[in-house]
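Before any comments, here is the structure.
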Amino acid sequence: MNLGPVSAYSRRASLLRHTPANEGLKERRHLVHVPDGFIDVPVSLAAAGVSTAVVAVCLQRTRKTMSDAAAPMAGLVAVFVFAAQMFNFPVGAGTSGHMIGAALAVILIGPYAGVVAVSVVVIVQALFFADGGLTALGLNVLNLAILTALVAWPAFRLVVRVFGTGKAAVMVGAGIAGFVSVLAAAAGFVMEFAVGGTAAVDTGAVAVAMLGVHTLIGAIEGVITALVVGAILSVRPDLVTGVVDLRKAERAQRSEEAVLS
Amino acid sequence: MTTTGRRAVALLLIVGMLSSAVVAGGAALFASSAPDGLESVAESEGFAETAEDSANADSPLADYGFAGVEDEQAGFGISAAIGLTLTLGLGLGLFMLLTARRKPGELETGFSASPRKSEPGSPPASDSAPDWPTGG
């Protein structure tokens, strides 16, 4: 059987499945981000530009707002996100999903540091573990660190502003934030595919498939985010940046009311 | 930093690294090897073949393995340990560098992790509004 040169196709096939055609090539199990080739170079570079600008702003804001004592927690959040992204759990037949961890990051260390932490993880994965393409790095930072934070933070803040900062409300907010963040990442990929996808594949079908499978993955992301945030809230509520200011305001209001009554 | 402060940070680092190590260890033992969401969609919708290997696809840590270690789980475990250490070094290093590069008095309130107590020398926290859209 003449297989011709080892093309991207056959190499890629080897990443997905062991078939007789690619026997001998390495099977890969943990390749979880957008690889090079899915999205054309112009769109990839545009995404890299946007990501660079946003991360630069987030670095600047983090420098100005993060207290010295908060740096260790922010570093740990990056480590935990790295670990969590390695854990692929099964979702239905022949498919798996893994946490993104961006919602968790923004709730724990704030939106700017959260974007920075997840970006660090995505960059480490691309540079050292060949997970996610190098040309596609900007796309992966945009989808996984930025678009996720952009919806997770407002969603979480909305819930805790409306329902208060009790443990139940915080966990519900974290769950919703986790869920919508995964859908945002999936929607980001669909938009990039619509503009710069290299395959002649109907975008509508990709959108339906992406959002379908990521609804399930998002539900799991939501549950895990809620559990982790709930656990940290019980032990060290001061480490849940997303509620610290609101809780302080609630306490101030309570003491004011106590004085007045 | 006071001795208690240093102890609290050390405890936080130990607990944080241990929980991440437990998650990574769980991944080594139990993670599903089925293609993930994006990859399965790429297969089912027929654009998986457009993927190309990145320039560093042959890096010793590629695909969360460890070059030379045949056993997949062992390779994954070593790779995970290196990844956690790298991320801690780069992440913690970056955040410490950012906070260290702040000039005195430049600390603003806003959304970033807060310490348990205000640090000596830092300006008193004000109630200024956060500059990030707060969604409510």
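Protein chains in written order, with the numbering used here: chain A, 1 to 261; chain B, 1001 to 1136.
From the three backbone atoms N, C-alpha and C, an ideal C-beta is built for every residue, glycine too.
- When C-beta atoms of the stretch 66-86 of chain A are compared with those of the stretch 167-180 of chain A, fewer than three pairs fall below 8 Å, so the two segments do not count as touching.
- DSSP places Gly49 of chain A inside the alpha helix (DSSP H), whose first and last residues are Val41 to Thr65.
- Closest in C-alpha terms to Leu1107 of chain B, from the list A:Ala136, A:Val121, A:Leu127 and A:Gln60, comes A:Gln60.
- Taken atom to atom, the span from the alpha-carbon of Asn1056 of chain B to that of Thr203 of chain A is near 29 Å.
- The beta carbon of Val195 of chain A sits closer than 6 Å to those of Val43, all from its chain and outside the five residues before and after it, given in chain order.
- A Cβ-Cβ distance of about 11 Å is found for the pair Ser96 of chain A and Ala1027 of chain B, leaving them out of contact under the 8 Å criterion.
- The Cβ atoms of Gly175 of chain A and Val223 of chain A sit closer than 8 Å to each other.
- With 16 or more other Cβ atoms from the protein chains shown falling within 10 Å of its own Cβ, Pro72 of chain A counts as buried.
- The beta carbon of Trp153 of chain A sits closer than 7 Å to the beta carbons of Val106 and Pro111 from its chain, once the five residues preceding and following it are set aside; these are given in chain order.
- Arg1007 of chain B has a beta carbon lying at 8 Å or more from every beta carbon in chain A.
- With distances taken between CA atoms, Gly37 of chain A lies nearest to B:Ser1054 out of B:Ser1054, B:Ala1031 and B:Leu1038.
- Around the C-beta of Ser255 of chain A, fewer than 16 other C-beta atoms lie within 10 Å, and the residue is accordingly described as exposed.
- In the DSSP assignment, Glu250 of chain A falls within the alpha helix (DSSP H) that extends over Thr241 to Leu260.
- Residue-level contact check: Pro1104 of chain B does not touch chain A, since none of the beta carbons of chain A fall below 8 Å from its beta carbon.
- For Gly1037 of chain B, at least one C-beta of chain A is nearer than 8 Å to its own C-beta.
- With contacts defined as CB atoms closer than 8 Å, Thr1099 of chain B and Asp68 of chain A qualify as a contacting pair.
- Put simply, the stretch 48-60 of chain A does not touch the stretch 1002-1013 of chain B. Fewer than three CB pairs are less than 8 Å apart.
- Not a single C-beta of chain A is nearer than 8 Å to the C-beta of Glu1070 of chain B.
- At a beta-carbon threshold of 8 Å, the residues of chain B lying near Asn88 of chain A are Ala1027, Ala1031, Ser1032, Ser1033, Ala1034 and Asp1036, ordered along the chain.
- Taking the Cα positions, Lys64 of chain A is about 22 Å away from Val121 of chain A.
- DSSP, read as helix, strand or coil, puts Asp238 of chain A in helix.
- Counting only residues of its own chain and dropping the five nearest sequence neighbours on each side, Ala145 of chain A has a CB closer than 7 Å to the CB of Ala102, Val115, Val118, Ser119 and Val122.
- Identification of chain A residues near Ala1055 of chain B by a Cβ-Cβ cut-off of 7 Å yields Leu134, ordered along the chain.
- Listed along the chain, the chain A residues whose CB falls inside 9 Å of the CB of Ala1067 of chain B amount to none; the nearest CB is some 11 Å away.
- Distance from the CA atom of Thr241 of chain A to the CA atom of Ala1062 of chain B, rounded to whole angstroms, is 35 Å.
- For Phe1076 of chain B, the enclosing alpha helix (DSSP H) has its first and last residue at Glu1072 to Ala1100.
- Asp1058 of chain B counts as exposed, since fewer than 16 other C-beta atoms from the protein chains shown sit within 10 angstroms of its C-beta.
- A Cβ-Cβ distance of about 28 Å is found for the pair Phe1095 of chain B and Ala46 of chain A, leaving them out of contact under the 8 Å criterion.
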